[in-house]
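Notes for the one structure printed next.
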């Protein structure tokens, strides 16, 4: 299998997808041109049905599908793909919009005039020939190529292990470079670039990056920026429009217009009113009409950066040189072309010289005959037949076989005006031609002068001005992203499971807040009004932070469930939950504290979470966890300077946050509390109230005064806030501050929903049997530190708590 795939790969590399370095043609293109030329389907005759040409090519030279031949023929006729078209076509041959050409039964084609120069002198034994697929006739393995087609029309192709991308160039510039290279075989790339400074694309546009062009010309690889030609036109009423008149090479115009219109529809940049394709028979024209007071330069920059109005073109100059694929710069390309033309000119000169010598030999014989015409006629009349006459001429007058043949086949009417002067003139002309041809064959300088003269003739006949503008430096596109965002009011919602959305005020106001679309077992983390210019920071229980600009959130109806974070964030896992989220205006310094289940605490600054390069698809760490069992219990901004830690087994530690250092986002932090074996942190909050509550897994609830837990040092064991029981001991399920007597505002760390008043703080508890109990924490009396509190219902102790949250 390897051996057969190797053979197949060798075939498609050498004989399908890559152009020859000498004539710049792939085999299918060469066969099309040769077959059409052989059939007389040339520029000086009428057009012929494409289907007839394709049939002849397929039947004689190219045993593949008709569509592959016709597609190659159509491409050679498209003036937006080729700098100089090689096939002229009548009928629909496709368009820049990617429209397919008409079927070959409808179109007509013939070779262009310049294609004739690729085939010039092919009948003079100038190129090597090979048998076709069925050994019935021979085909050329390369064309004479009177101009450097590889650089003029470029090439693109993909084969096994190799691909090629050679851009088109200006014919006159390439010929100037070839002529200079003939005179200076050791010319440098820099010198050649004085004649051929860069590609010249059929679609025009602006090519930026002289250094990259030089690199590509030297090594065969490089990347340039191709930018559309645009101008900003004023309209009535203080409006403007961006007019595009040239687009980058090989860009589909219809798709480009659609992409620009998508930018308008999705409001990715404010200020675009309408996008129109106004192209007609006079040329390409795309109009992007802007709204009044829109920032035309900012919009143009955005479109250049995010649509194909500007592209990167990658040079990858690979061609077949001596049956081998090579990545080549311009020096090997020009050197190979010059060597090829030398072989062509020498072979053609030998052919013409041989032909002239044969004719001269005959003319010499005819001149001799005229001086002894009557004797020769008498001798022929006396002969028995043609063979005898020839033999007598050879014996009697010492003519050669060829001369004797010419004399006996001379028609009688030729004797009437056979003038010795005419023959002598022809004799002299032939001798002069032979001398010239001998000089070309024997003297390189003469041969190269002829080569240069022929190239200059092609340049004079077909040379045309450059279309693409070259600029030395690629301009960096600066986009002030803030100016591109339309400031709109919106509502942001996020659930614990990770469903996020933004909703228009219209959709929000058409529903009640309770109608928010979410799963029944899910819990709201944040519902808040926001502006599209703000940012959302999302902190998860696995120590990850996710950043979303509000304007990038998907706009979804209030009653719909929203978009799950895992749809865009690739490292959001199935067991990950959102702990806390915050809408911010900017990344000014603000400190957060994070506490983990295993008893670590850290402070981290908001500036650590400034948008990172891959924020759209990846979260970054804000806390380092210890093992797979560990997770973050609390993450919140620091409003006051004291923190309370409560463990599952009922230990509470109250200390100053100043004892916790501010560290980097990936650091683990320091020990918050000295845990007993098997104990974990269950709650952590800023100690900003006079009391806090504790709920146990058995449904027992109590409220304690903060002063019962005096301020201590970090990393201590803490004080017990539950009395230990031997049977069915209480364990902390949920704990937190009671907000009715808070020292400051906006301190609810369980939900960022706005509390209407401090008279109510409802704790909703669901038992494992599904019963729901609600308790107003504000109405609870204070209990002793060693008390286990009171059960919230008679049956809750047996049922156990399934879920609890502060409303």
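In the UniProt record's numbering, the protein residues as written are 1 to 807. All residues carry an ideal CB built from backbone N, CA and C; glycine is no exception.
By the criterion of a C-beta distance shorter than 8 Å, residue 451 is surrounded in its chain by 182, 338, 341, 342, 345, once the five residues flanking it on both sides are discounted.
For the pair residue 161 and residue 17, the CB atoms are not nearer than the 8 Å cut-off. The closest CA to that of residue 521, considering only 479, 536, 498, is found on 498.
For the 8 Å CB-CB criterion, residue 788 and residue 719 do not form a contact. Annotated three-state conformation of residue 782 is strand, per DSSP. Residue 792 and residue 266 have their C-alpha atoms some 52 Å from each other. Note on geometry: alpha-carbon atoms of residue 691 and residue 737 lie some 6 Å from one another. Burial check for residue 614: the Cβ neighbour count within 10 Å stays below 16, so the residue is exposed.
Annotation note: the stretch 46-120 contains the following uninterrupted alpha helix (DSSP H) runs of length 4 or greater, listed N- to C-terminal: 50-60, 66-75, 113-119. With respect to the 8 Å criterion, residue 202 and residue 83 are classified as neighbours on the basis of their beta carbons.
In the DSSP assignment, residue 365 falls within the alpha helix (DSSP H) that extends over 330-371. DSSP places residue 544 within a strand segment (E or B) once states are collapsed to three. Burial of residue 576 is indicated by the presence of at least 16 other C-beta atoms within 10 angstroms of its C-beta.
For residue 491, the pairing in a beta bridge is given by DSSP as 503, 529.
Counting C-beta pairs with one atom in each stretch, the stretch 240-258 and the stretch 204-214 have three or more that are closer than 8 Å, which means they touch. Two segments are said to touch when three or more pairs of C-beta atoms, one from each, lie closer than 8 Å; by this definition the stretch 455-467 does not touch the stretch 498-518. In the three-state scheme derived from DSSP, where H, G and I count as helix and E and B as strand, residue 614 is classed as coil. If you draw a 10 Å sphere on the C-beta of residue 278, you find fewer than 16 other C-beta atoms in it, and that means exposed.
Counting along the chain, the unbroken alpha helix (DSSP H) around residue 450 starts and ends at 444-462. By the criterion of a C-beta distance shorter than 8 Å, residue 128 is surrounded in its chain by 140, 141, 142, once the five residues flanking it on both sides are discounted. Residue range 691-696 is occupied by the beta strand (DSSP E) that includes residue 691, with no alpha helix (DSSP H) assigned at that position. Between residue 185 and residue 361, the alpha-carbon positions lie close to 40 Å from each other.
Annotated three-state conformation of residue 27 is helix, per DSSP. For residue 602, the enclosing beta strand (DSSP E) stretches over residues 600-605.
The three-state secondary structure of residue 738, taken from DSSP, is coil. Here residue 43 is exposed. Its C-beta has fewer than 16 other C-beta atoms within 10 Å. With contacts defined as CB atoms closer than 8 Å, residue 73 and residue 85 fail to qualify as a contacting pair. Between residue 602 and residue 670, the C-beta spacing is below 8 Å. Proximity to residue 569 across 555, 592, 540 peaks at 540, based on C-alpha coordinates. By the Cβ neighbour-count rule, residue 1 is exposed, with fewer than 16 other Cβ atoms within 10 Å of its own. By the Cβ test, the stretch 313-324 is not in contact with the stretch 132-139, since fewer than three Cβ pairs between them sit closer than 8 Å.
Closest by C-alpha distance to residue 705, out of 629, 782, 579, 54, is 782.
Under the 10 Å beta carbon count, residue 543 is surrounded by 16 or more other beta carbons and is classified as buried. Separation of residue 423 and residue 46 (C-alpha to C-alpha, rounded to the nearest whole angstrom) is 38 Å. Secondary structure of residue 230 (DSSP, three-state): strand. Relative to the Cα of residue 458, the nearest Cα in the group 494, 118, 98, 109 belongs to 118.
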